[in-house]
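To start, the structure itself, in structure tokens.
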Amino acid sequence: MGMESDENRLEYEETELRLGLPGGSLKREFSQTIDLKLNLNASMASPPSPHQQQEKITAKPPAKAQVVGWPPVRSFRKNTLAVQSAAAAAFIKVSLDGAPYLRKVDLKMYNSYQQLSEALGKMFSSSTIGDCGVKELMSESKLIDLLNGSDYVPTYQDKDGDWMLVGDVPWEMFVDSCKRLRIMKSSEAIGLAPRAAEKCKNRA
Amino acid sequence: MCLFQSVMNYLPKEVLEHVFDFLTSHHDRNAVSLVCESWYGVERFSREKVFIGNCYAVNPERLIDRFPRLRSLTLKGKPHFADFNLVPDGWGGHVYPWIEAMAKSGINLEELRLKRMVVSDESLELLAKSFPNFKSLVLVSCEGFTTDGLAAIASNCRLLRELDLQENEVDDRKGQWLSCFPESCTSLVSLNFACLKGEVNVAALERLVARCPNLRSLRLNHTVPVEVLQKILVRAPQLSDLGTGTFTHDPDSETYVKLKNAMKNCRSIRSLSGFLDVNGRCLPAIYPICTSLTSLNLSYAPGIFSNELIKLICHCKKIERLWILDTIGDKGLGVVANTCKELQELRVFPSDLYGVGNTAVTEEGLVAISAGCPKLNSILYFCQQMTNAALITVAKNCPNFIRFRLCTLNPIVPDAATNQPLDEGFGAIVQSCKRLTRLSVSGLLTDQLFLYIGMYAEQLEMLSIAFAGDSDKGMLYVLNGCKKLKKLEIRDSPFGNMALLSDMGKYETMRSLWMSSCEVTLGACKTLAEKMPRLNVEIINENEAGEDKASCDDRHRVEKMYLYRTLAGPRTDAPDFVWTL
Numbered sequence: 001m002g003m004e005s006d007e008n009r010l011e012y013e014e015t016e017l018r019l020g021l022p023g024g025s026l027k028r029e030f031s032q033t034i035d036l037k038l039n040l041n042a043s044m045a046s047p048p049s050p051h052q053q054q055e056k057i058t059a060k061p062p063a064k065a066q067v068v069g070w071p072p073v074r075s076f077r078k079n080t081l082a083v084q085s086a087a088a089a090a091f092i093k094v095s096l097d098g099a100p101y102l103r104k105v106d107l108k109m110y111n112s113y114q115q116l117s118e119a120l121g122k123m124f125s126s127s128t129i130g131d132c133g134v135k136e137l138m139s140e141s142k143l144i145d146l147l148n149g150s151d152y153v154p155t156y157q158d159k160d161g162d163w164m165l166v167g168d169v170p171w172e173m174f175v176d177s178c179k180r181l182r183i184m185k186s187s188e189a190i191g192l193a194p195r196a197a198e199k200c201k202n203r204a
Numbered sequence: 001m002c003l004f005q006s007v008m009n010y011l012p013k014e015v016l017e018h019v020f021d022f023l024t025s026h027h028d029r030n031a032v033s034l035v036c037e038s039w040y041g042v043e044r045f046s047r048e049k050v051f052i053g054n055c056y057a058v059n060p061e062r063l064i065d066r067f068p069r070l071r072s073l074t075l076k077g078k079p080h081f082a083d084f085n086l087v088p089d090g091w092g093g094h095v096y097p098w099i100e101a102m103a104k105s106g107i108n109l110e111e112l113r114l115k116r117m118v119v120s121d122e123s124l125e126l127l128a129k130s131f132p133n134f135k136s137l138v139l140v141s142c143e144g145f146t147t148d149g150l151a152a153i154a155s156n157c158r159l160l161r162e163l164d165l166q167e168n169e170v171d172d173r174k175g176q177w178l179s180c181f182p183e184s185c186t187s188l189v190s191l192n193f194a195c196l197k198g199e200v201n202v203a204a205l206e207r208l209v210a211r212c213p214n215l216r217s218l219r220l221n222h223t224v225p226v227e228v229l230q231k232i233l234v235r236a237p238q239l240s241d242l243g244t245g246t247f248t249h250d251p252d253s254e255t256y257v258k259l260k261n262a263m264k265n266c267r268s269i270r271s272l273s274g275f276l277d278v279n280g281r282c283l284p285a286i287y288p289i290c291t292s293l294t295s296l297n298l299s300y301a302p303g304i305f306s307n308e309l310i311k312l313i314c315h316c317k318k319i320e321r322l323w324i325l326d327t328i329g330d331k332g333l334g335v336v337a338n339t340c341k342e343l344q345e346l347r348v349f350p351s352d353l354y355g356v357g358n359t360a361v362t363e364e365g366l367v368a369i370s371a372g373c374p375k376l377n378s379i380l381y382f383c384q385q386m387t388n389a390a391l392i393t394v395a396k397n398c399p400n401f402i403r404f405r406l407c408t409l410n411p412i413v414p415d416a417a418t419n420q421p422l423d424e425g426f427g428a429i430v431q432s433c434k435r436l437t438r439l440s441v442s443g444l445l446t447d448q449l450f451l452y453i454g455m456y457a458e459q460l461e462m463l464s465i466a467f468a469g470d471s472d473k474g475m476l477y478v479l480n481g482c483k484k485l486k487k488l489e490i491r492d493s494p495f496g497n498m499a500l501l502s503d504m505g506k507y508e509t510m511r512s513l514w515m516s517s518c519e520v521t522l523g524a525c526k527t528l529a530e531k532m533p534r535l536n537v538e539i540i541n542e543n544e545a546g547e548d549k550a551s552c553d554d555r556h557r558v559e560k561m562y563l564y565r566t567l568a569g570p571r572t573d574a575p576d577f578v579w580t581l
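Chains as they are written, first to last, in full-length UniProt numbering: chain A, 1 to 204; chain B, 1 to 581.
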């Protein structure tokens, strides 16, 4: 944790904090506990050690402060918060072919493809769906059927930028890799069409 | 001998016992037992609750011998700095010998409260099977057990009222511990499993809640979804303390509406926590409860943004205890100051533990709180920066602090405005707060601060020091000045042998002393150990070379030393890396 290599030793020593007694030969070896690159104020009233460097202080904390047990926070709390920041909200854009504008959804709000599908149904049921020969202002359930039917193909763009068919992987994996959703008209889903049609039939 | 004294001597034991029944505090009971032999005798047979602040200060047999009617035991194990990874695994603090001894002696144990101890599944099984009247188990920051141990408790403790697990490291076996509560178990008053990582059987949970009409406190873990929370609230509208599980759901959904309604019906909730995994847009569901809340813990909810927090706080006018993350910001603390006039305890935890750049709180927030909350008496505050001027203002505004813990994220940061040490600021705090019993300091600090502490902190019982001071004088000021000092813990400060050895008798008046990365040498520790047989002076030696105690040079600096008064002699369960001198 923050051990300095020999090449960096010179730079480290310039800013190393030492708390030895005045004139004493005891030099604190902080390499195991601190990797702070601190600068001390030249106007400090009582510099205890002649070894200390005197430079201007910056209020901002150093870039890589790695002190064991500092700040003093229980490991339980540290671990819990670490897990949670990994699990933050995942808003992604959703487009429905023919809808006048895009929407955003937070994938973390749902636990399954079914829930997502219902939510999307609600979201787009009030928007007009233009030139695909479908009635305007369609009902929620109709839209869900439509989404689950063979007229539309739900696709998503993953972390690598590839466009994939929704539903192949487990839900959690989907949430992790999905960057964008596009609900395509199947007439446009040429490359995916055969598989897509089959998948849709299976799900309907 | 005056008449009064002779009358007191001839009071029958039953009368004395009856009088002592009114003494509930440990301090009072301890004092009473020192008056005379007869009082000692009556007190010891009538004492039911015992508190042992250091499990190695006395051994179980002695405890049982003195207090045969023991019903409730509180034990603390590892030193406080173990919380921050300064104590290696395997150090000790096992509860098993205590449970074993009490079981053998037929103690009618009803309540066990443990903090920072190692609790094995075997201990829990033995506990569950040995005490038919066992009612209450509270484990705080413990480790060593799995959900199998919990299953044993659930299955066997027929009269269980309380199972409270706070921030423990528990291994989750895939078993169904919650399902182990038999149908006949209807006595639960408090159940807290928020720290468990694994799933529980939610159907069993719902049934358990339904059949325990006295359930007042329920804290769920993050695997319990909102749908289940809603159902539970419908079954248990009498709850006064609730810890939600996950609090993320589509606010437009039916479940959410049901949740809002269920919450409205829970008119007794005074304490709220959890929100592990939360979506800020779901928070309005709790606004109806906020108006009567006295305790709110949002410190595990980094997902709530500052503006959402502020909106929430505006509803919490009766809050007395508030735990939050520094995501609230100085502005948010200003809102707290304007809204929460009943506030007594505030804890602001850091949200950004690994990187930099998160705007934390500063001295501004603290000053605002001190100005707005007249009843404030306890604070834990992690902040980016601090100034003497701010601390002096805080000291003036709040002379009633009992606990004051300030932690700057950079441990030796000076006054942000003047670049001076923070001695004057903390000095003002100890001078103004005459009832201060606990203090943690941080930032750039010299011996001057410790002079102030020694001079003014007359009631101080616990002091935590890190990266502070210039010389032995600092530590001496504290040891000489703070007459009521019980626990002193110091890390990375230049205090050495002279300070350690100047008043060795002092340590027998204290519970413990921890010094790590200071300037004390092995030789000085050995001297201390030799002169003070009623202290255990322990060195924690993590050197990989597996040094032998005998071959180690006395002039070597000791990395970690922990000493404590004890009646039990040197530990018999110390691991290889702990040397008792």
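We put the beta carbon where it would ideally sit given N, CA and C, even for glycine.
Owing to the predicted nature of the structure, the values given are computational and were not obtained by experimental measurement.
DSSP state of residue 323 of chain B mapped onto helix, strand, coil: strand
Cutoff 8 Å; reference residue 230 of chain B; Cβ partners in own chain excluding five residues on either side: 255, 258, 259 and 262
Does the count of Cβ pairs from the region 54–67 of chain B and the region 81–89 of chain B closer than 8 Å reach three? no
Given that a residue counts as buried once 16 or more other Cβ atoms are within 10 Å of its Cβ, and exposed if not, what is residue 569 of chain B? exposed
Please list the partners that residue 300 of chain B has in chain A, where partner means a Cβ-to-Cβ separation under 9 Å. 77, 80, 81 and 84
Among B:400, B:346, B:417 and B:419, which one has its Cα closest to the Cα of residue 433 of chain B? B:400
Is it right to say residue 349 of chain B is buried, meaning 16 or more other beta carbons lie within 10 angstroms of its own, or is it exposed? buried
Per the DSSP calculation, residue 579 of chain B is bridged to which residue(s)? B:539
Short-range partners of chain A found in the region 227–255 of chain B, where Cβ spacing is below 9 Å: 248, 249, 250, 251, 252 and 253
Report the start-end ranges of each beta strand (DSSP E) in the region 453–500 of chain B that is 3 residues or longer and not cut off at the edges. 462–466 and 487–491
In the DSSP assignment, what residue or residues form a beta bridge with residue 241 of chain B? B:217 and B:271
Using a C-beta cutoff of 8 Å, does residue 411 of chain B count as contacting chain A? yes
In three-state terms, what does DSSP make of residue 70 of chain A? coil
Rounded separation between residue 235 of chain B and residue 133 of chain B - CA only: 28 Å
Could you spell out where the beta strand (DSSP E) holding residue 347 of chain B opens and where it closes? 345–349
How would you list, in chain order, the residues of chain A whose beta-carbon sits under 7 Å from the beta-carbon of residue 350 of chain B? 71 and 73
Report yes if the CB atom of residue 375 of chain B is closer than 8 Å to the CB atom of residue 343 of chain B, and no otherwise. yes
Just to confirm my understanding: we take residue 142 of chain B, look at its own chain, exclude 5 residues before and 5 after, and list those with CB closer than 6 Å. What are they? 114, 117, 119 and 168
Considering just the uninterrupted stretch of the beta strand (DSSP E) at residue 175 of chain B, what are its terminal residues? Here residue 175 of chain B belongs to no beta strand (DSSP E), and DSSP marks it neither H nor E.
Helix, strand or coil at residue 426 of chain B [DSSP, three-state]: helix
How many Å lie between residue 334 of chain B and residue 373 of chain B at the Cα? 10 Å
Below 8 Å, can you find three or more Cβ-Cβ pairs linking the region 529–545 of chain B to the region 456–473 of chain B? no
Could you list which residues in chain B have their beta carbon closer than 8 Å to that of residue 109 of chain A, in chain order? 248, 249, 250 and 279
Does any CB atom of chain A fall closer than 8 Å to the CB of residue 407 of chain B? yes
Could you compute how far the alpha carbon of residue 91 of chain B sits from the alpha carbon of residue 578 of chain B? 7 Å
Does DSSP put residue 112 of chain A in a helix, a strand or coil? coil
Going by DSSP, what residue range makes up the beta strand (DSSP E) through residue 163 of chain A? 163–165
For the beta strand (DSSP E) containing residue 514 of chain B, list its first residue and its last residue. 512–516
At a Cβ cut of 8 Å, what residues of the region 109–124 of chain A count as close to chain B, listed as they run along the chain? 109, 110, 111, 115, 119 and 122
Would you kindly work out how many angstroms separate the C-alpha atoms of residue 592 of chain B and residue 31 of chain B, rounded to a whole number? One cannot answer for residue 592 of chain B here, as it falls past the ends of chain B, which runs 1 to 581.
Would residue 106 of chain B and residue 76 of chain B be called neighbours here (beta carbons separated by less than 8 Å)? no
To the nearest angstrom, how far is it from the Cα of residue 197 of chain B to the Cα of residue 304 of chain B? 21 Å
Count the other C-beta atoms from every protein chain shown that fall within 10 angstroms of the C-beta of residue 27 of chain B, then say buried if there are 16 or more, exposed otherwise. exposed
Between residue 581 of chain B and residue 94 of chain B, what straight-line distance do the alpha-carbon atoms span, to the nearest angstrom? 21 Å
For residue 21 of chain A, which three-state DSSP category applies? With a pLDDT of only 41 at residue 21 of chain A, under 50, the local geometry of the prediction cannot be trusted, and the value read off the model is given with reservation. Of the three classes helix, strand and coil, the one that applies to residue 21 of chain A here is coil, per DSSP.
Three-state secondary structure (DSSP) of residue 583 of chain B: In the structure displayed, chain B extends from 1 to 581; residue 583 of chain B sits before or after that span and is not available.
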